[in-house]
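Peer 1: Residue numbers (the numbering used here): 294 to 339.
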């Protein structure tokens, strides 16, 4: 009985980690893909 509880907890934690990883990856790719402004660097001539 105790072994079954441990297995369920471990499987639940692994599923939670996989879901969190997918969510973070999606958020990162979504954030990097949203920019429409052109990135430019300007130097001041003095």
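Cβ coordinates follow ideal geometry from the N, Cα and C atoms, glycine included.
Quick caveat, the model's predicted, so the values are computed rather than measured.
1. For residue 318, which of helix, strand or coil comes out of DSSP?
2. What number of angstroms, rounded off, separates the C-alpha of residue 318 from the C-alpha of residue 303?
3. Please report how far the alpha carbon of residue 338 lies from the alpha carbon of residue 331, in whole angstroms.
Peer 2: In brief:
1. Taking the first residue of the chain shown as position 1, residue 318 is located at position 25. Residue 318 carries a helical assignment under DSSP once its states are collapsed to helix, strand and coil.
2. In the chain shown, the residue the question calls residue 318 occupies position 25. In the chain shown, the residue the question calls residue 303 occupies position 10. About 22 Å.
3. Working through the chain shown from its first residue, we reach residue 338 at position 45. Working through the chain shown from its first residue, we reach residue 331 at position 38. The alpha-carbon atoms of residue 338 and residue 331 are separated by roughly 22 Å.
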